[in-house]
Amino acid sequence: MDHFNYKDGELFAEGVALKDIAKKYGTPTYVYSKATLERHAKAYIDSFESMSGLVCFSVKALSNISILKTLRISGCGFDIVSGGELHRAILAGADPKKIIFSGVGKSKDEMVAGIKHNILSFNIESEAELDRLTSVATEMNKVAPVAIRFNPNVDAGAHEFTKTGRKSDKFGVSTKTAKELIKKCTESKSINLVGLTCHIGSQIMELKGFEDAAKQALELMIALDELEINLDFIDMGGGLGVSYVGEETFQPSELIRCYETIFAGRNEKLILEPGRSISANAGIMLTKVEYEKDGFRITDAAMNDLLRPALYNAHHDVWPLVESNKQTTEVNLVGPICETGDFLAKNINISASQDDLLAVKTVGAYGFVMSSNYNSRPRAAEVLVDNKKFYLIRKREDHSSLTAFEEGLDDQI
Ligand code: LLP
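Number 244 in full-length UniProt numbering belongs to position 244 of the sequence shown; there are no gaps in the numbering.
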């Protein structure tokens, strides 16, 4: 459920007419609904029954610090994958003891930063990474908290690029290696083993893959019981799919029920790292039709603003800001970038004329965060709607921001 609805033929975000945002801040602009974000965070947080839980929002999905602050106030911790995301989470006031550091390639500097901030856990994905963290912690005379990410070798569907739980994917270690690394952790004075973790992919539409992974986690946990090795938490990652084309989806409560059934009787805390299922349908992108041309509508937003259609052939619904009775036509919605792959939507039926405003839906996850300056296009603005008010939470970039980090005009080169 989201809070983007037509009222008297005009599209609103909560209590704000989207045309007012377009008028004030121009297009393309990302607009997020605070009530939707809060509702989705709550849908996770309120669903834990038999297990104590922690919801770590996956910052990579939507990383604006005002959004992170909103989710932090709603009770979320954060799943981060870089020093930059750590910086954002800290700026948003995150409790470091609710920060999980995931990712296969943590640099030494990122490890130092995580240790200094006293985060909850480094989710370790290889022996080499564990060795590096051990030497970093030893050098700092600190103890680093670690969870081992195992790869359950399950294929839970979704796009080829976003599956992460198969043996052939770069993520995690086999259950056999996981046991070895866990033993290594318990033998190190610089490492504190705190958990076990896995994440099998994104935009997953069936519970079966999550169940298979959880059953394997349970087997591993039982094997550790026998070695008298205790864990503070089991972190099952994110991945719950959302509806882009009217698909049936599972509620966070259904996912949590499934985990609680499998982990019944265990004392570990259950950590989840949802991204998309919290923020995707809390965001839309406003864009304007610049030109009509044969079967095309050329918009002022392009693949640099929203990469998902070009990269994954992803579908996003597009709604006009003003409902009309005009005849719809089948068109391709394309951007101004010089590539045939630059499209927002293909073969959609819409009535869209020059200067009309449109809303590209379900872009609150992996939308703005994947935008770029390709074709030297400044990045879009971001706006947060809270009931009848709206706030600019990121200014539109301008031409000087495009070149701000470049050097060489002083004839030195
Ligand atoms: N935890 C880890 C370790 C992850 O790698 C991810 C996503 C998540 C949690 C959050 O997953 P979610 O709940 O959002 O599915 N750019 C792609 C999605 C890439 C997902 C990467 N990892 C897209 O636009 O579909």
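For glycine and all other residues, C-beta sits at the position ideal for the given N, C-alpha and C.
For residue i, three-class secondary structure by DSSP
i    : result
I204 : strand
D109 : helix
M236 : coil
C56  : strand
A128 : helix
E10  : strand
I115 : helix
L218 : helix
E330 : strand
Rounded distance between the beta-carbons of residue j and residue i, thought under 8 Å
i           : j    : result
E273        : D235 : 7 Å
L220        : L196 : 6 Å
D232        : E268 : 7 Å
L357        : L286 : 6 Å
G275        : V363 : Contact flag wrong, Cβ pair sits at about 13 Å.
I100        : L120 : 6 Å
N64         : I393 : 5 Å
I204        : V173 : About 21 Å separates the two Cβ atoms, so there is no contact after all.
I80         : A89  : 6 Å
V369        : K163 : That belief does not hold up - the Cβ atoms of V369 and K163 are roughly 20 Å apart, past 8 Å.
K102        : A158 : Sequence check: residue 102 is Ser here, not Lys. About 18 Å separates the two Cβ atoms, so there is no contact after all.
L68         : G114 : Rounded, the Cβ-Cβ distance is 17 Å, inconsistent with contact.
residue 450 : G26  : Only positions 1 to 413 of the chain appear in this structure, which leaves residue 450 out of reach.
L321        : L37  : Not confirmed; about 22 Å, so no contact.
F161        : A214 : With 8 Å as the limit, F161 and A214 do not qualify as a contact, their Cβ atoms being about 24 Å apart.
N124        : A156 : Note that residue 124 is Ile in the sequence shown here, rather than Asn. No, I124 and A156 are not in contact; Cβ-Cβ is about 22 Å, not under 8 Å.
residue 430 : Y32  : Shown here, the chain extends from 1 to 413; a query on residue 430 therefore has no answer.
A41         : G75  : 7 Å
Among the options, the one whose alpha carbon lies nearest that of residue i
i           : options                   : result
residue 414 : E407, K388, A158 and E397 : The structure shown does not extend to residue 414, since the chain spans only 1 to 413, so no value can be given for it.
H3          : R39, A22 and K23          : R39
A43         : K183, T186 and L240       : L240
V136        : E125, V112 and I124       : V112
I191        : H199, C198 and I182       : I182
K23         : F390, D398 and S400       : F390
K106        : A264, E129, L86 and N281  : E129
Y30         : E397, S400, G367 and F57  : G367
F296        : D317, R257 and A352       : A352
D305        : H315, Y312, A381 and L392 : A381
A301        : S371, A404 and F171       : S371
L307        : D155, A365 and A17        : A365
F210        : E260, E339 and D225       : E260
N230        : V334, L193 and T249       : L193
I337        : K361, Q354, E323 and M303 : M303
Y6          : D398, L344 and E323       : E323
T340        : P309, F48 and F405        : P309
T177        : K170, F161, D155 and F150 : F150
G53         : T299, T328, S253 and Q354 : S253
V104        : L333, E49 and D169        : D169
K97         : T138, E127 and V55        : V55
S82         : C76, K108 and S74         : K108
H117        : L402, D95 and E290        : D95
D294        : G265, L333 and S279       : L333
E187        : A217, I222 and V143       : V143
Q354        : K288, F122, S66 and F263  : K288
G238        : C198, C258 and V245       : C198
Y374        : L402, I348, D386 and V331 : L402
E247        : D317, A223, A35 and T299  : D317
A223        : V331, E180 and N141       : E180
L255        : L409, G408 and I45        : I45
Y244        : E127, L409, H315 and K189 : H315
Contact test: residue i Cβ vs the ligand FAD heavy atom, cutoff 8 Å
i   : result
P96 : Of the ligands this structure carries, namely the ligand LLP, none is the ligand FAD.
Practice problem: With a floor of 4 residues, list each alpha helix (DSSP H) that falls wholly inside the segment 335-411, ordered by position along the chain. | Solution: 399-403, all fully within the segment 335-411.
Quiz item: Which runs of the alpha helix (DSSP H) fall wholly inside the segment 223-307 and span at least 4 residues, in chain order?
Solution: List check, alpha helix (DSSP H) in window: 252-262 and 276-279.
Self-check item: Runs of alpha helix (DSSP H) wholly within the segment 133-206 (minimum 4 residues, chain order)
Solution: Whole alpha helix (DSSP H) segments, 4+ residues: 175-187.
Quiz item: Where in the segment 15-91 do unbroken runs of the beta strand (DSSP E), each at least 3 residues long, occur, reported from the N-terminal end onward?
Solution: As far as the segment 15-91 is concerned, its whole beta strand (DSSP E) runs of at least 3 residues are 29-33, 53-58 and 77-80.
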